[in-house]
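Chemist:
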Amino acid sequence: MRMHLCPFPRLSLGICSVLLLAVLAAPSQGQDAPAKVIRKGPAKKEPEEKLPPALTHYKGREIAQTMHYTGAPWLVRESREREEECTQLLKCLNVKKDQVLCDLGCGNGFYTLELAEKVGPKGKIYAVDIQPEMLQLLRARLKDTGRENVTPVLGSLIDPKLPEGELDMVLLVDVYHEFSHPEHMLAAIRKSLKPTGRLVLVEFREEDPKVPIKPLHKMSKLQVQKELVPNGFKLVEQYDELPWQHVLFFQRDEEFDKQDKPRGEDKK
Ligand SMILES: C[S@@+](CC[C@H](N)C(=O)[O-])C[C@H]1O[C@@H](n2cnc3c(N)ncnc32)[C@H](O)[C@@H]1O
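Numbered per our numbering, the sequence shown spans residues 17 to 284.
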């Protein structure tokens with residue numbers, strides 16, 4: 017099966033070429049971030065947000081580097097539908113007209129535009145990313161469609177800046193494994209959901225060696241649950257028919273609010 021070399025450089029073009037050569041020369045293992053990426057606040061002139069230290073590991077899993085915006089063409093590659101069956105993924109989300117959704121870690125908006133069509137003009141999509149350049153690419157694609165029901169949001173590493181209690185669904189496609197502050201992000205997502213709202217995680221299947229993506233960019237069902245359950249989510253549904261990815265639907269676990277919780281990010 018063909019492996020993916022997803023170009024995620026974040027340095028100069030010269031350095032990137034060297035990195036790319038190094039990657040091409042290495043045994044092919046699929047998607048990876050060949051260069052280190054963002055671990056700092058997103059805003060240029062905005063007041064600096066106080067960020068707790070970024071984690072390198074969470075509950076036994078190594079956290080992947082953020083995919084750099086120069087890799088964005090990979091997200092809209094022609095073969096994506098064939099390889100990932102994106103239409104099928106959209107169908108299983110069961111999106112309804114007028115819903116309020118968030119495409120969190122939207123990149124250049126591959127799923128944002130599809131979701132915007134599904135919710136219709138009275139629905140709303142918050143498209144959140146931490147890279148302004150990704151949002152610029154999204155805006156350019158939005159302009160072509162004339163859609164007005166998408167609000168691009170520049171989130172931070174700890175806060176997607178969503179309204180509280182309004183979201184019917186927060187969708188994370190190939191994003192969660194990049195969160196440098198998973199507990200902060202999960203707490204913020206939890207707050208943004210309606211009581212019936214869902215968090216949907218789409219992650220490349222770690223359990224399946226035939227999925228041609230590098231291990232750091234894959235997650236097992238078990239690991240996802242190990243991380244989400246202690247953060248106040250319960251698994252309510254799953255869709256197992258995609259060729260490469262898990263689709264795991266979570267809701268808020270209301271029991272979680274009644275428990276005494278330890279403070280601070282648990283790095284174990
Ligand atoms: C692999 S891309 C996936 C893009 C999109 N979901 C798709 O499937 O086409 C991951 C995206 O998540 C974004 N990201 C990573 N951490 C984030 C965070 N804490 N909040 C918002 N976006 C984040 C990255 O900037 C990048 O654009």
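Think of the CB as a built atom: it goes at the ideal place given N, C-alpha and C, for glycine as much as any other residue. Quick caveat: nothing in here was measured; it's all calculated off a predicted structure.
1. Helix, strand or coil for L27, going by three-state DSSP, please let me know.
2. Could you check which residue in Q254, E253, V245 has the C-alpha nearest to that of F272?
3. At 3 residues or longer, what runs of the beta strand (DSSP E) sit wholly inside the segment 207–231?
4. Determine, using beta-carbon pairs with one atom in the segment 190–203 and one in the segment 215–225, whether at least three such pairs fall under 8 Å.
5. Let's test the definition: count the other Cβ atoms within 10 Å of the Cβ of E164 and tell me whether it reaches 16, buried, or not, exposed.
6. Please name the residue or residues paired with K237 in a DSSP beta bridge.
7. By the DSSP assignment, the beta strand (DSSP E) with K250 in it spans what residues?
8. How many Å lie between K113 and Q267 at the Cα?
9. On the CB-based measure, 16 or more other CB atoms within 10 Å of its CB, does G171 come out buried or exposed?
10. Mind listing which residues have their beta carbon within less than 6 Å of any non-hydrogen atom of ligand 1? Chain order is fine.
11. Express the C-alpha separation of L238 and C108 in angstroms, rounding to a whole number.
12. Exposed or buried, what is P50 when buried is set at 16 or more other beta-carbons lying within 10 Å of its beta-carbon?
13. Using the C-alpha atoms, what's the distance from E223 back to L258?
14. Suppose the cutoff is 8 Å on Cβ atoms and the five residues either side in sequence are ignored; what does the same chain contact list for T72 look like?
15. State the CB to CB distance for the pair L117 and M185, rounded to an integer number of angstroms; the pair is presumed to be in contact (CB under 8 Å).
Modeler: Well, looking at it:
1. Confidence in L27 is poor, its pLDDT being 35 and thus under 50, which makes the residue's placement unreliable; the coordinate value appears in the next sentence. Coil, per DSSP.
2. V245
3. 209–221
4. Because the criterion of three Cβ pairs below 8 Å is met, the segment 190–203 and the segment 215–225 touch.
5. exposed
6. Looking at the DSSP assignment, K237 forms no beta bridge with any residue, so it has no partner.
7. 249–255
8. The alpha-carbon atoms of K113 and Q267 are separated by roughly 20 Å.
9. buried
10. Taken from the N-terminal end onward, the list reads T82, M83, L91, L120, G121, C122, G123, F126, Y127, V144, D145, I146, Q147, M150, G171, L173, P176, V189, D190, V191, E194, F195, M201.
11. 21 Å
12. At P50 the pLDDT is 33, less than 50, meaning the model places this residue with poor confidence; the figure from the coordinates comes in the next sentence. Counting Cβ neighbours within 10 Å, P50 comes out buried, since at least 16 surround it.
13. Cα to Cα, the separation comes out at about 14 Å.
14. Answer for T72: E78, I79, listed in chain order.
15. 5 Å
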